[in-house]
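Residue numbers (the numbering used here), protein chains in the order written: chain D, 1 to 406; chain V, 1 to 406. The beta carbon of each residue, even a glycine, is placed where N, CA and C say it ideally should be.
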């Protein structure tokens, strides 16, 4: 089967057929710079829908509600807001999440059970329902509303994060789109991250769930901004089947494979965008660990290195302090032998088979003074390989987070 | 048995009988502010000696050598240096560590096997042995040398960390002293931390080992500055029996108990001093978790909260953002039910049995604007209780660590 995956120019969550979106400023997100803080994503046809959610034991009400509603794997719309997480506010949280879904359902003319809910923002403050209630009926969804939806979910994000790809697979063409928000509380096993993915492909529900888990594992679960896992993390994937192509099932291996590949690309693109736009970040750090005993160990090591405050500050300072990299590998808990380890910082070999290498400090500093900094670690223990992404740690992160609520 | 534990004024590692120390500036620690970077701690009588070391899988040569030499539990001296970790430098590292121990042994007139070695500083750079070699024979140990020893091990530490206590237990009197360095790469399961503990009590070797493990578990393993566990962490406890009191054995429960209590006090004092003097720190954060299902879960939760970058930046900013505290508890992996959780920030109740509390923002901010900030978390799941200590996270931490090697 001939396959081709192309990025769609100006693509977004409403690029796939049958998806519409809209947004409004309800006044929840006082500091929001986008002038929008509440959005609806809607599919004109019901969707097979998969979700992955925070593993935090303290879950926000919208997470609990959406998880419950996704048991049967069906949805037609999502309402999302920024500025308030609707987390840790007692019973009011669930009542508000349900009311929001009901109001959105009335606006769209569908059942409340088909509406999922997602929130992001400050924990512990109730939603200002007196602002939310009159706003939801005013949200107008349209084919052109995708960009506004992406802007409505931003908190301390500096840029919107959206993408769409066109997938050609033999006689079939379908699209996958996505929008995400990130910025802070970003850590493997789901960041403070909301991500909404859409596709007009018809996808078998079980396969949809599995493919989302797989894609999240190599993307959103491999990024870290600050090591804090939030109460609200939500990634949703809605498949409405409007492309009228052959259904994607695990039975058709090649066709299923290209869907997975395209979904991975979309998720990795958005995950990297979240990491790059981490609070206060000036750089994207890409840590690749190869030669680990297993893939799981490669992931563990890559995540530990990219989460290390000392590695992140060194990269911020253009400081080729590779000792912090090997110290992070050592504490990650994986199998490692010092004399087998080789490390490249910004493509410069700084440590080879257990021996520090002579390198030009100025050149190494320059190699780190870039928007994208690769750190490659070869363990020579086996075939496990993984990549993780993160941001550098800067004074700006401290400033942003020392003054978030008050 | 009547028991009494008193802090000795101006006490240090040479306060217990039979201990001497000395230090010199060899030129290893170019940025050292104390004018000392290498020290020897010596006991005139051989010591039962226990050690706990980093759990990092990448260990510095001095750690490996000291672990090996402690198999029989005997030592008479320690040589320690700051400015260079002697870690990840290939085979040269062990050769240098051994040579240092031999030179110190010659200076002191003892066997090299009785000398332990500890290093702290930059990882991946070999020790400048041309500076070290001529310096060791010049180190003069004396009863008065304890303070200089404490100063010789400092790196980015702003203050020396030392203490001694006098223990009276029935007819017996003995002393426990200690000196530590900390500052960065400080995280549970041993910080980038060196700590040297001395006692003139005669202590059964097995009991000595067990009591050090227990003391480390409630002190050094409960602090975090930046989540990074180093390659060089070392805590040593030397007992020389010079007080000529009754030997301390697990058999005499009361006597053993007061030794453990005094040792815990010394270790907690030093651990808090390390946390308070974390790189860039302006505050000591003390997180107490009570009512956890088990003590292990209480420890896990307390360590997670005190390690959270978002909690640390909020405390730095005097921001009563308790949502970050409960989010950290939730991601710590322990058993928790939102509606049973109560949280006090700086003694102000901000969240009670799952409900956000009304509190005066200004007063709460003022309660956090202190040198010591308590965070109390009641889980109401069981009897487990633990306390962890950490520092706030500031722009100064970033500055220090963005420019450490270059």
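I'd like to know whether the C-beta atoms of residue i and residue j end up nearer to each other than 8 Å.
| i | j | result |
| --- | --- | --- |
| residue 29 of chain V | residue 327 of chain D | no |
| residue 402 of chain V | residue 316 of chain D | yes |
| residue 180 of chain V | residue 273 of chain V | yes |
| residue 118 of chain V | residue 76 of chain V | no |
| residue 377 of chain D | residue 289 of chain D | yes |
| residue 263 of chain V | residue 234 of chain V | no |
| residue 139 of chain D | residue 24 of chain D | yes |
| residue 52 of chain D | residue 296 of chain D | no |
| residue 162 of chain V | residue 178 of chain V | yes |
| residue 66 of chain V | residue 154 of chain V | no |
| residue 158 of chain V | residue 319 of chain V | no |
| residue 8 of chain D | residue 149 of chain D | no |
| residue 176 of chain V | residue 104 of chain V | no |
| residue 256 of chain V | residue 208 of chain V | no |
| residue 350 of chain D | residue 322 of chain D | yes |
Any C-beta of chain D sitting closer than 8 Å to the C-beta of residue i?
| i | result |
| --- | --- |
| residue 322 of chain V | yes |
| residue 402 of chain V | yes |
| residue 56 of chain V | yes |
| residue 282 of chain V | no |
| residue 2 of chain V | no |
| residue 88 of chain V | yes |
| residue 388 of chain V | no |
| residue 355 of chain V | yes |
| residue 310 of chain V | yes |
| residue 49 of chain V | no |
| residue 157 of chain V | no |
| residue 132 of chain V | no |
| residue 294 of chain V | no |
| residue 188 of chain V | Only weak support exists for where residue 188 of chain V lies, its pLDDT of 38 falling under 50; the coordinates are left without a value. |
| residue 336 of chain V | yes |
Under a three-way DSSP split, which group does residue i fall into?
| i | result |
| --- | --- |
| residue 4 of chain V | strand |
| residue 44 of chain V | strand |
| residue 29 of chain V | coil |
| residue 386 of chain V | strand |
| residue 403 of chain V | coil |
| residue 247 of chain D | coil |
| residue 38 of chain V | strand |
| residue 153 of chain D | coil |
| residue 330 of chain V | helix |
| residue 408 of chain V | Here chain V covers residues 1 to 406 and nothing more, so residue 408 of chain V does not appear. |
| residue 236 of chain D | strand |
| residue 196 of chain V | strand |
| residue 19 of chain D | strand |
| residue 374 of chain D | strand |
| residue 286 of chain D | strand |
| residue 116 of chain V | strand |
| residue 363 of chain D | helix |
| residue 88 of chain D | coil |
| residue 318 of chain D | coil |
Tell me, please, whether the CB atom of residue i is closer than 8 Å to any CB atom in chain V?
| i | result |
| --- | --- |
| residue 231 of chain D | yes |
| residue 20 of chain D | no |
| residue 384 of chain D | no |
| residue 139 of chain D | no |
| residue 344 of chain D | no |
| residue 122 of chain D | yes |
| residue 316 of chain D | yes |
Compute the beta-carbon to beta-carbon distance between residue i and residue j, rounded to the nearest angstrom, for a pair I have assumed lies under 8 Å.
| i | j | result |
| --- | --- | --- |
| residue 17 of chain D | residue 307 of chain D | Not confirmed; about 39 Å, so no contact. |
| residue 347 of chain V | residue 367 of chain V | 6 Å |
| residue 121 of chain V | residue 88 of chain V | Their Cβ separation, rounded to whole angstroms, is 12 Å, which puts residue 121 of chain V and residue 88 of chain V out of contact at 8 Å. |
| residue 49 of chain V | residue 71 of chain V | Actually they are not in contact, since the Cβ atoms of residue 49 of chain V and residue 71 of chain V sit about 11 Å apart, beyond 8 Å. |
| residue 292 of chain V | residue 381 of chain V | 6 Å |
| residue 388 of chain D | residue 303 of chain D | 5 Å |
Output needed for residue i: all residues of its chain with C-beta closer than 7 Å, excluding positions within five of it in sequence on either side, in chain order.
| i | result |
| --- | --- |
| residue 311 of chain V | 305, 324, 325 and 328 |
| residue 86 of chain D | 60, 61, 62, 93, 96, 97, 119 and 127 |
| residue 123 of chain V | 85, 87, 88 and 231 |
In its own chain, which residues sit with a C-beta less than 6 Å from the C-beta of residue i, not counting the 5 before and 5 after it?
| i | result |
| --- | --- |
| residue 42 of chain D | 20, 77, 108 and 141 |
| residue 247 of chain D | 202 |
| residue 298 of chain D | 289, 292, 384, 385 and 386 |
Cβ closer than 8 Å: which chain A residues qualify as neighbours of residue i?
| i | result |
| --- | --- |
| residue 395 of chain V | Of the protein chains in the structure, D and V, none is chain A. |
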